[in-house]
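To start, the structure itself, in structure tokens.
Number of protein chains: 2
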Amino acid sequence: MYFCFSMTSNYEPILQNVEKHIPLSEADKVFFCSLLQERRYQKKEYLLREGNICHQLAFITSGCVKSYLLDRKGNEHILTIAIADWWVADYQSLVFDTPSELFIEAVEPTTALLLTKEKRNMLFARIPPFEQYFRILTERAFAVSQQRITDILSLPAAERYEQFLRRYHRIAGSFSQQQIASFIGVTPAFFSRMLKSKRPS
Amino acid sequence: MYFCFSMTSNYEPILQNVEKHIPLSEADKVFFCSLLQERRYQKKEYLLREGNICHQLAFITSGCVKSYLLDRKGNEHILTIAIADWWVADYQSLVFDTPSELFIEAVEPTTALLLTKEKRNMLFARIPPFEQYFRILTERAFAVSQQRITDILSLPAAERYEQFLRRYHRIAGSFSQQQIASFIGVTPAFFSRMLKSKRPS
DNA sequence: AATGCCACTTGACCTGGATCAAGTGGCGGA
DNA sequence: TCCGCCACTTGATCCAGGTCAAGTGGCATT
Chain A
628 MYFCFSMTSN YEPILQNVEK HIPLSEADKV FFCSLLQERR YQKKEYLLRE
678 GNICHQLAFI TSGCVKSYLL DRKGNEHILT IAIADWWVAD YQSLVFDTPS
728 ELFIEAVEPT TALLLTKEKR NMLFARIPPF EQYFRILTER AFAVSQQRIT
778 DILSLPAAER YEQFLRRYHR IAGSFSQQQI ASFIGVTPAF FSRMLKSKRP
828 S
Chain B
628 MYFCFSMTSN YEPILQNVEK HIPLSEADKV FFCSLLQERR YQKKEYLLRE
678 GNICHQLAFI TSGCVKSYLL DRKGNEHILT IAIADWWVAD YQSLVFDTPS
728 ELFIEAVEPT TALLLTKEKR NMLFARIPPF EQYFRILTER AFAVSQQRIT
778 DILSLPAAER YEQFLRRYHR IAGSFSQQQI ASFIGVTPAF FSRMLKSKRP
828 S
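Residue numbers (our numbering), protein chains in the order written: chain A, 628 to 828; chain B, 628 to 828.
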């Protein structure tokens, strides 16, 4: 069965991810995968642009993606970083059907599996345990998001950087200093000085 | 049926809230309500203290609650504000079973319906549509949380205050200036000056 | 070897907001 | 009526981090 073989080779990571939380029959897997659309993005290509309504979630199978907004001075502020095995979307736009204020952009060549909101609803209707899967994922994402708020409110920049290193050390190498500075919420110039003061060798 | 009457009078708000999202049979309602525990809190009483593990969610039926952390200088930073018809918990602690860094405290006399994590799991097992209910609520909470991060990263204090007024104008009156200052992430002293400069009457 | 670009650094200066301490003013309790 | 408390204000000073502009130093292209 060629179809089946090629399916599992592309979809294995996402199926493993789902099966960490809920059991799936073979028929469930086939149906689920039939709703997904694979898409490749070059470095700097957009998954979503400001002003558009986000109507899909993307599961990253390889590569790396950032979501960010531009303030009125044109400065970039990174909201999230997503790597393989993570879902990414603008939930603000997805949930409330409002135009997005975010750009979602590939930081390196990336492949993603896209699931539109409509198809996700079909999925929920046909295989209710996916409600649980997305509930669990969203609860975790929410918890992390809350932690990020308390970090920003209560920690100085240097300690926010330490938190970043603790949580993202595996992928810190894929990001330029400018990107990291933007994520922890400081300017590249200040971040550079901060690093220098940390290593007085 | 006394039991039934007193039940619906206390539980009506939460049932209405749930039924906005999923349909419930009478038996579902009785089972759901049997898992809830009503509790009253005086002003300044704690629903959760730093260092404890958060093992329950609270649905506010009246009053008002804040969650906050104290940084190492002892400054209070408000993470969330919750009023009637909102769920509140420390998700960080609830989801990952780690000791909480937050205090959750009644801002005024408050009544809440408590649902422990274990009982919520029983609820999911017995009435799967509650998975959907909590998925939807968590997605919204997550979206709002993401918006809060972008506000903090990209807006100056005065505009964060305007956002606060837009989103919480109904309850802004229940909060002292100090509380609002803490929520938008500035000191009371700076907040006071900010207000003065805004009304040059 | 020269060019150009890009990430990073560095210096000089600026500013939003913090800090600390001393008011003010209202209101509830004895 | 006086007292004490609490929320808020205000002044003086400080500092984390921003801004802007001029380097430096790799590395890829020609």
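Yeah, the Cβ is synthetic: ideal placement off N, Cα and C, and Gly gets one too.
Closest by C-alpha distance to residue i, when choosing among the options
i, options, result
"residue 643/B", "785/B, 674/B and 760/B", "760/B"
"residue 744/B", "754/B, 766/B, 735/B and 718/B", "718/B"
"residue 646/A", "751/A, 756/A, 710/A and 747/A", "756/A"
"residue 739/B", "725/B, 655/B and 674/B", "674/B"
"residue 784/B", "768/B, 682/B and 808/B", "808/B"
"residue 725/A", "679/A, 656/A and 816/A", "679/A"
"residue 667/B", "687/B, 742/B, 661/B and 723/B", "687/B"
"residue 818/A", "789/A, 737/A and 720/A", "789/A"
"residue 742/A", "670/A, 681/A, 640/A and 663/A", "663/A"
"residue 639/A", "712/A, 729/A and 694/A", "712/A"
"residue 586/B", "764/B, 660/B and 797/B", "Residue coverage of chain B in this structure runs from 628 to 828, which leaves residue 586/B outside it and unanswerable."
"residue 707/B", "772/A, 716/A and 752/A", "772/A"
"residue 720/B", "752/B, 676/B and 762/B", "676/B"
"residue 801/B", "758/B, 777/B, 754/B and 709/B", "709/B"
"residue 805/A", "816/A, 795/A and 797/A", "816/A"
"residue 671/A", "691/A, 655/A, 658/A and 825/A", "691/A"
"residue 730/A", "722/A, 703/A, 695/A and 704/A", "695/A"
"residue 648/B", "763/B, 793/B, 820/B and 812/B", "763/B"
"residue 700/A", "824/A, 814/A, 823/A and 825/A", "814/A"
Which of helix, strand or coil DSSP assigns to residue i
i, result
"residue 811/B", "helix"
"residue 708/A", "strand"
"residue 650/B", "coil"
"residue 629/B", "Note on residue 629/B: pLDDT 42, under 50, position unreliable in the model; no value is reported."
"residue 753/A", "helix"
"residue 802/A", "coil"
"residue 691/B", "strand"
"residue 672/B", "coil"
"residue 703/A", "strand"
"residue 665/A", "strand"
"residue 634/A", "Low local confidence applies: a pLDDT of 47 at residue 634/A is under 50, so the model's placement there is unreliable, with the coordinate-based value given in what follows. Correct three-state label for residue 634/A: helix."
Within-8 Å CB hit, residue i to chain A
i, result
"residue 758/B", "yes"
"residue 655/B", "no"
"residue 640/B", "no"
is_contact[residue i, chain B] using C-beta, thresh 8 Å
i, result
"residue 722/A", "yes"
"residue 761/A", "yes"
"residue 743/A", "no"
"residue 755/A", "yes"
"residue 696/A", "yes"
"residue 629/A", "Caution applies to residue 629/A, whose pLDDT of 42 falls short of 50 and renders its modelled position unreliable; the model cannot decide the point."
"residue 633/A", "Summary for residue 633/A: the model assigns pLDDT 47, below 50, so the residue's position carries little reliability, and this model does not support an answer."
Beta strand (DSSP E) segment containing residue i, residue limits
i, result
"residue 773/A", "Per DSSP, residue 773/A belongs to no beta strand (DSSP E); it is in the alpha helix (DSSP H), 756-781."
"residue 735/A", "730-743"
"residue 727/B", "Neither: residue 727/B is in no beta strand (DSSP E) and is coded neither H nor E."
For residue i, the first and last residue of its enclosing alpha helix (DSSP H)
i, result
"residue 791/B", "784-795"
"residue 721/B", "718-723"
Any non-hydrogen atom of the ligand FAD closer than 7 Å to residue i Cβ
i, result
"residue 681/B", "This structure lacks the ligand FAD; in fact it carries no ligand of any kind."
For the region 701-733 of chain B, which residues have a CB atom closer than 9 Å to at least one CB atom of chain A, in sequence order?
702, 704, 705, 706, 707, 717, 718, 719, 720, 721, 722, 723, 728 and 729
The region 763-796 of chain B: which residues have C-beta closer than 7 Å to a C-beta of chain A, in chain order?
765, 766, 767, 768, 769, 770, 772, 773, 774, 775, 776, 777, 779, 780 and 781
When you check each C-beta in the region 671-689 of chain A against every C-beta of chain B, which residues fall closer than 7 Å?
none
Any residues in the region 795-816 of chain B with a beta carbon nearer than 9 Å to a beta carbon of chain A? Which ones, in chain order?
Within the region 795-816 of chain B, the residues whose Cβ lies closer than 9 Å to some Cβ of chain A are 809 and 812, listed in chain order.
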